[in-house]
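> Numbering-wise, the sequence shown is residues 5 to 324 according to the working numbering.
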Amino acid sequence: MVNGSMPRHHAARVEAAIASGQAARSALVASWRRSSRLHHLDPGGHTAPMRLTEAELHQARERIAPFLAAAQGAMDRLYQAVGAAGCCVLLADRDGVPVDRRGTVADDATFQSWGLWTGALWSEEHEGTNGIGTCLVEQRPLTIDRDQHFFARNTLLSCTAVPIYDHEAALAGVLDVSSCRADRTDAFASLIALAAGEAAKRIEADLFRKAFAHTRIVLTQAADGSCGGLVAVDADDLVIGATRSARVALGIAPGRALQPVPAADLLGGDTARDHLVDGQRAVLQRALLRAGGNVSAAAKALGVSRATLHRKLKRFELNH
5 MVNGSMPRHH AARVEAAIAS GQAARSALVA SWRRSSRLHH LDPGGHTAPM RLTEAELHQA
65 RERIAPFLAA AQGAMDRLYQ AVGAAGCCVL LADRDGVPVD RRGTVADDAT FQSWGLWTGA
125 LWSEEHEGTN GIGTCLVEQR PLTIDRDQHF FARNTLLSCT AVPIYDHEAA LAGVLDVSSC
185 RADRTDAFAS LIALAAGEAA KRIEADLFRK AFAHTRIVLT QAADGSCGGL VAVDADDLVI
245 GATRSARVAL GIAPGRALQP VPAADLLGGD TARDHLVDGQ RAVLQRALLR AGGNVSAAAK
305 ALGVSRATLH RKLKRFELNH
């Protein structure tokens, strides 16, 4: 635990930074200022984190059941990568409440004593500057390392958090990797951040694919050549969904409802040829392919005579 003089020293340091006006140029001090001035928290406070009742935690889990289900595989893989190094993995909802976790049994008592457990309240409103709560406010990947925490009692923790967005590009929650080990190196912290970021992307992709299970999913590319996200294209070739990263890559406002838009307009393509003739040609091609090139079978499937189909194939210069 934190020794007797530590809370006073840490509190003085936090208050001095806030008073100096550094909040205008430091995201960390800005978070400290929110914790102190907006939420009226005392950095020297030593009250343990508040926790939901079992009934309240059950309700919180039920509210985000699809999100919780989509995260299982990614959490398992992330924990396999970082668990042996004394880390636990937490999945928190958008209120800052961990609703699921992975951790080594031998470390459970330690993490539970620090409040790194399901049902604890880790919003900035309750815990001041911390990985989960500050990530929810700033909506960006971040690490709050040891004495960057607002409360002195949390200064032995190192927490890396990544926001997760749902299929409508709304903030769904946070994936957090936390450690109480003093020997965590900067190099390992960077690997944790990378692994957590990739896990968050997998969760978002799974949420999106399940929400748009009956559409064609298209991978978009960001300006730097990396994956820009996913878009959902329906049977009418309209984009009806896009992940947050895809919206950023395509210049769509993340916070705005997505109105259906022709895929060619959004993703590129020959919009000049986007008319009824092209649609008819595509229908004929699909019918022929499904019939294995058999014109009679294709005509029957389309509900037209064989002669009519022959005329249309000739018109569109389709070989059969």
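Don't be surprised by glycine CBs; every beta carbon is placed ideally from N, CA and C. Predicted model only: the values in this text are computed from it and were never measured.
I believe C92 touches R81 by the beta-carbon criterion, under 8 Å. Please report the beta-carbon distance rounded to the nearest angstrom.
The count along the sequence shown starts at 1 and reaches residue 92 at position 88. The count along the sequence shown starts at 1 and reaches residue 81 at position 77. Not really, about 15 Å apart at Cβ, beyond 8 Å.
> With a cut-off of 8 Å on the beta carbons, I'd call L140 and V103 a contact; round off their distance for me.
On the sequence shown, position 136 is the one that residue 140 refers to. On the sequence shown, position 99 is the one that residue 103 refers to. Contact doesn't hold; Cβ gap of about 14 Å is too wide.
> Taking the CB atoms as reference points, tell me whether G132 and S39 lie closer together than 7 Å.
By one-based count along the sequence shown, residue 132 stands at place 128. By one-based count along the sequence shown, residue 39 stands at place 35. Going by C-beta atoms, G132 is nearer than 7 Å to S39.
> Under the rule that 16 or more other beta-carbon atoms within 10 Å means buried, what is G119, buried or exposed?
Within the sequence shown, the letter at position 115 stands for residue 119. Answer is buried; the Cβ neighbour count reaches 16.
> Label E128 either buried or exposed according to how many other C-beta atoms from any shown protein chain fall within 10 Å of its C-beta, with 16 as the threshold for buried.
As a first step, residue 128 is located in the sequence shown; it is residue number 124 there, counting from the start. Classification of E128: buried, given that the 10 Å Cβ count is 16 or more.
> Classify V109: buried if its beta carbon has 16 or more other beta carbons within 10 angstroms, exposed otherwise.
To locate residue 109, count along the sequence shown from 1; it is residue 105. Exposed, since its Cβ has fewer than 16 Cβ neighbours within 10 Å.
> Taking 7 Å as the cut-off, decide whether the C-beta atoms of I136 and W121 are in contact.
Translated into the one-based positions of the sequence shown, residue 136 becomes position 132. Translated into the one-based positions of the sequence shown, residue 121 becomes position 117. The answer is no: Cβ separation not under 7 Å.
> Does S255 pass the burial test, meaning 16 or more other C-beta atoms within 10 Å, or should it be called exposed?
The sequence position of residue 255 within the sequence shown is 251, counting from 1. Checking the sequence shown, residue 255 turns out to be Gly, not Ser. It counts as exposed.
> Using the beta-carbon count (16 or more within 10 Å), is S9 buried or exposed?
One-based indexing of the sequence shown puts residue 9 at position 5. The Cβ neighbour count for S9, taken over all protein chains shown within 10 Å, is under 16; the residue is labelled exposed.
> At which residue ranges does the region 110-156 contain complete beta strand (DSSP E) runs of 3 or more residues, listed in the order of the chain?
146-149
> Look at the alpha carbon of A305 and the alpha carbon of I207, and state the distance between them as a whole number of angstroms.
If you number the sequence shown from 1, residue 305 lands on position 301. If you number the sequence shown from 1, residue 207 lands on position 203. Near 40 Å, if we compare the C-alpha coordinates of I207 and A305.
> Among C163, E202, H13, which residue has its Cα nearest to the Cα of C231?
Translated into the one-based positions of the sequence shown, residue 231 becomes position 227. Comparing Cα positions, the closest option is E202.
> Per the DSSP calculation, Q284 is bridged to which residue(s)?
One-based indexing of the sequence shown puts residue 284 at position 280. Q284 pairs with nothing; no bridge assigned.
> Using only the alpha-carbon positions, how far apart do S194 and L146 sit?
Sequence index remark: in the sequence shown, residue 194 carries index 190 (1-based). Sequence index remark: in the sequence shown, residue 146 carries index 142 (1-based). Going from the Cα of S194 to the Cα of L146 covers about 11 Å.
> Give me, in chain order, the residues of the same chain whose beta-carbon lies closer than 6 Å to that of F212; leave out the 5 immediate sequence neighbours on both sides.
Indexing the sequence shown from 1 puts residue 212 at position 208. Excluding residues up to 5 positions away in sequence, H171, L234, T247 lie with their Cβ nearer than 6 Å to the Cβ of F212 in the same chain.
> If I follow the unbroken beta strand (DSSP E) through L319, where does it start and stop?
Reading the sequence shown from its first residue, position 315 is the one you call residue 319. Looking at the sequence itself, residue 319 is Arg, so the reference to Leu does not match. Note, R319: premise wrong, no beta strand (DSSP E); alpha helix (DSSP H) at 310-319.
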